[in-house]
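Trainee: Keeping their order, the protein sequence lines are chains Y and H.
Residues 169 to 450, numbered by the numbering used here, are exactly what the first sequence covers, in order.
Residues 169 to 450, numbered by the numbering used here, are exactly what the second sequence covers, in order.
Each residue gets a CB set at the ideal place from its N, CA and C atoms; glycine is no exception.
In this text the structure is predicted, and so the values were computed from the model without any measurement.
One structure, pasted below without further comment.
Number of protein chains: 2
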Amino acid sequence: MAVDPSLPLGVFDSGLGGLTVVHALSQALPGEDIIYLGDTARVPYGTRSPETVVRYAQGCAAVLVRRGIKALVVACNTASAVSIDVLRAELDLPVLGVVEPGAQAAVQAAEEAQRHQREPVKIGVLGTAGTVRSGAYPRAVAKISTRLEVLAAPAPLLVPLVEEGWLDGDVPELAVARYVEPLIAQGVRVLVLGCTHYPLLRPVIERVAARIAGAPVPVVDSAQATADALLRYVDEERLARHPAPTRPRKLELLVTDLPASFEVVAARFLSERLPAATQIDL
Amino acid sequence: MAVDPSLPLGVFDSGLGGLTVVHALSQALPGEDIIYLGDTARVPYGTRSPETVVRYAQGCAAVLVRRGIKALVVACNTASAVSIDVLRAELDLPVLGVVEPGAQAAVQAAEEAQRHQREPVKIGVLGTAGTVRSGAYPRAVAKISTRLEVLAAPAPLLVPLVEEGWLDGDVPELAVARYVEPLIAQGVRVLVLGCTHYPLLRPVIERVAARIAGAPVPVVDSAQATADALLRYVDEERLARHPAPTRPRKLELLVTDLPASFEVVAARFLSERLPAATQIDL
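What follows is the structure, given as structure tokens:
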């Protein structure tokens with residue numbers, strides 16, 4: 169796997185939620201060019217069968233590889249959960265998903281929380297139906313620690329709440345409580361945001377979880393954990409762009425559909441000026 | 169357009185919500201065979217651009233036409249709103265959408281409601297972003313009555329609420345109130361369910377609208393109105409299956425993806441025994 173460090177990082181997601189990963193990457197690796205592909209014509213992946221998600225993920229990866237990238241980041245939790253092994257087997261470049269870094273960060277947070285209480289701390293994962301059904305987070309945690317129990321709960325309503333921009337108020341509070349309450353009741357004291365949309369609801373999730381648990385509940389953002397993991401990887405493998413960048417990094421945005429809501433929704437996830445998006449066919 | 173009355177009716181929808189139309193058709197035309205295609209690999213259409221929805225609708229229609237149908241019912245409001253003219257121009261068979269029958273039923277309900285109050289009765293349409301942005305309902309109403317004002321509001325959270333099975337309780341009540349309140353405040357006294365998912369929330373919508381308006385608000389179900397319109401059409405055009413059916417009617421179910429939640433979600437929309445679904449590629 170000899171890769172050219174001057175190439176951009178490739179990032180794909182089922183839609184625009186993966187721009188939260190781009191945002192985290194931009195802060196961790198500010199000099200790196202990024203090509204982002206959002207499969208907006210077929211979003212969401214979280215409700216589809218694993219076979220279909222694998223097929224869609226292969227298609228997205230192929231587009232980015234053809235354009236030339238030095239590493240592939242699967243920013244979608246569902247695609248990471250069901251397609252990462254296939255992509256790693258098929259592609260001759262580093263492939264990073266969001267599940268393993270998220271699980272790693274959750275284990276750290278759980279071990280830290282365990283120091284302050286006697287009962288075993290459990291990790292709770294909020295995700296799409298596809299991510300939860302795949303069992304990817306429990307498997308990833310088990311590879312790091314066999315003592316930590318993981319409870320995953322599908323929270324499908326949180327994605328449309330974010331897309332609708334309902335980030336606080338009665339409806340998100342009640343919906344989050346409905347998903348989080350059973351997890352806390354079963355001993356969960358660390359929550360993983362297992363979907364790229366959820367970081368926008370982080371304040372509500374933290375508030376609701378703390379109220380139900382009677383104490384702060386650490387919340388792990390897989391997007392942030394992935395950016396941190398990629399930063400370490402780029403350093404270790406000497407993949408950083410060199411010579412030192414003399415121009416601002418480029419962000420290229422590809423989408424498979426350009427709905428009227430595109431700019432409003434994209435701006436929710438990416439806290440920087442949005443580049444013009446190019447529509448492609450898959 | 170010479171069609172063979174022994175052929176089935178073809179129905180397509182972006183996903184499984186169109187099974188509410190199949191349910192209404194089965195009651196209005198109990199002897200007719202039906203082939204239903206749910207584009208579950210690309211659902212939802214309501215957030216996508218018109219160009220993409222037209223392309224998807226053409227693909228769905230082509231599959232059904234190739235199998236042999238005597239009429240095509242576009243059960244998806246978004247697809248009806250943006251693709252019905254294209255499909256009618258391209259296909260050599262009767263094409264019925266859900267928007268025109270829904271608008272017709274809404275006009276009748278509004279004229280009835282107008283007899284009981286002095287202020288002008290307005291029609292409110294709840295629909296997906298794509299349906300609302302298309303302006304299809306206001307256009308369809310204007311063709312029937314130029315005096316009736318139509319206010320359409322996107323209500324995107326109602327689809328995931330139905331898919332999640334949250335059909336009553338705090339969250340749907342509050343979400344529906346948030347969508348319906350501004351419509352009632354602007355004089356809406358008839359509501360159209362402009363998405364095949366919404367009939368499952370009809371009790372909540374009726375209750376919330378009546379509470380806000382201080383009086384019952386008639387709620388028009390486009391699925392039901394479409395079944396009634398097709399019944400009239402089949403009668404007028406002598407399209408009914410003949411000789412009189414001696415075997416139970418057949419319902420064939422095609423989908424483009426078979427997620428694990430398929431049976432649970434499909435059963436919500438179709439109140440009869442679910443036939444086995446065949447997965448096809450589009």
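1. Determine the contact status of V211 of chain H and T364 of chain H, defining contact as a CB-CB distance below 9 Å.
2. Pairing CB atoms from the stretch 268-276 of chain Y with CB atoms from the stretch 389-397 of chain Y, are three or more of them under 8 Å?
3. Using only the alpha-carbon positions, how far apart do S248 of chain H and E404 of chain H sit?
4. Here's the rule I'm using: 16 or more other beta-carbon atoms within 10 Å means buried, otherwise exposed. How should T246 of chain H be labelled?
5. To the nearest angstrom, how far is the alpha carbon of V372 of chain H from that of P416 of chain H?
6. If I'm right that A320 of chain Y touches V300 of chain Y with Cβ under 8 Å, what's the distance once you round it to whole angstroms?
7. On a CA-only basis, which of H:P262, H:T208, H:K290 is nearest K238 of chain H? Give me that one, please.
8. What does V339 of chain Y touch in chain H if you count any residue whose Cβ is under 9 Å from its own?
9. D425 of chain Y versus chain H: which residues are under 7 Å apart at the beta carbon?
10. Note down, in chain order, each residue of its chain lying with its Cβ closer than 7 Å to the Cβ of E331 of chain Y, except the 5 sequence neighbours on either side.
11. If we cut at 9 Å on Cβ distances, does G298 of chain H have a partner in chain Y?
12. Compute the beta-carbon to beta-carbon distance between V376 of chain Y and V358 of chain Y, rounded to the nearest angstrom, for a pair I have assumed lies under 8 Å.
13. Between H:H191, H:P198, H:S302, H:D336, which lies nearest to E219 of chain H when the distance is taken from Cα to Cα?
14. Under a three-way DSSP split, which group does R441 of chain Y fall into?
15. Below 8 Å, can you find three or more Cβ-Cβ pairs linking the stretch 171-180 of chain H to the stretch 306-324 of chain H?
16. At 3 residues or longer, and completely inside the stretch 172-231 of chain H: list those beta strand (DSSP E) runs for me, N to C.
17. Would you mind telling me which residues of chain Y sit closer than 8 Å to R301 of chain H, beta carbon to beta carbon, in chain order?
18. Answer with buried or exposed for A444 of chain Y, where buried requires no fewer than 16 other C-beta atoms within 10 angstroms of its C-beta.
19. Closer than 9 Å, CB to CB, is P328 of chain H near chain Y or not?
20. Along the stretch 184-212 of chain H, what residues have a CB closer than 9 Å to any CB found in chain Y?
21. Are the C-beta atoms of E332 of chain H and some chain Y residue less than 9 Å apart?
22. Is the separation between the beta-carbon of S390 of chain H and that of L368 of chain H shorter than 9 Å?
23. Measure from the alpha carbon of A192 of chain Y to the alpha carbon of each residue in Y:Q447, Y:T446, Y:E440, Y:L450, then state which is nearest.
24. Whole angstroms is fine: what's the gap from A257 of chain Y's alpha carbon to Y401 of chain Y's?
25. Between the Cα of V241 of chain Y and the Cα atoms of Y:Q285, Y:V179, Y:G214, which residue gives the shortest distance?
26. Can the beta-carbon of G227 of chain H be found less than 9 Å from the beta-carbon of D207 of chain H?
27. Alpha carbons only, please: which of H:A435, H:L442, H:D425 is nearest the one belonging to I448 of chain H?
28. Kindly indicate which three-state DSSP category G298 of chain Y falls into: helix, strand or coil?
29. Where do the N-terminal and C-terminal ends of the beta strand (DSSP E) with E317 of chain H fall, by residue?
30. Applying the criterion that 16 or more other CB atoms from any shown protein chain within 10 Å of the CB defines a buried residue, is L336 of chain H buried or exposed?
31. Could you check whether the Cβ of S248 of chain H sits closer than 9 Å to any Cβ belonging to chain B?
32. Measuring only the C-alpha atoms, how far is G265 of chain Y from I252 of chain Y?
33. For E341 of chain H, count neighbouring Cβ atoms within 10 angstroms of its own Cβ and tell me buried if that reaches 16, exposed if not.
Mentor: Looking at the coordinates:
1. no
2. yes
3. 22 Å
4. buried
5. 35 Å
6. 4 Å
7. Minimum Cα distance to K238 of chain H is reached at H:P262.
8. L325, D338, V339, L342, A343, R346
9. R216, S217, T220
10. Closer than 7 Å at the Cβ level, and outside the excluded window around E331 of chain Y, lie V433.
11. yes
12. Contact flag wrong, Cβ pair sits at about 15 Å.
13. H:S302
14. coil
15. no
16. 177-181, 202-206
17. A428
18. exposed
19. Using a CB distance cut-off of 9 Å, P328 of chain H counts as an interface residue toward chain Y.
20. T208, A209, R210, V211, P212
21. yes
22. no
23. Y:E440
24. 19 Å
25. Y:V179
26. yes
27. H:D425
28. Three-state result, G298 of chain Y: helix.
29. Counting along the chain, E317 of chain H falls outside any beta strand (DSSP E), and DSSP gives it neither H nor E.
30. The identity of residue 336 of chain H in the sequence shown is Asp, whereas the question assumes Leu. Exposed, since its Cβ has fewer than 16 Cβ neighbours within 10 Å.
31. Of the chains in the structure shown, none is chain B; the protein chains are Y and H.
32. 7 Å
33. buried
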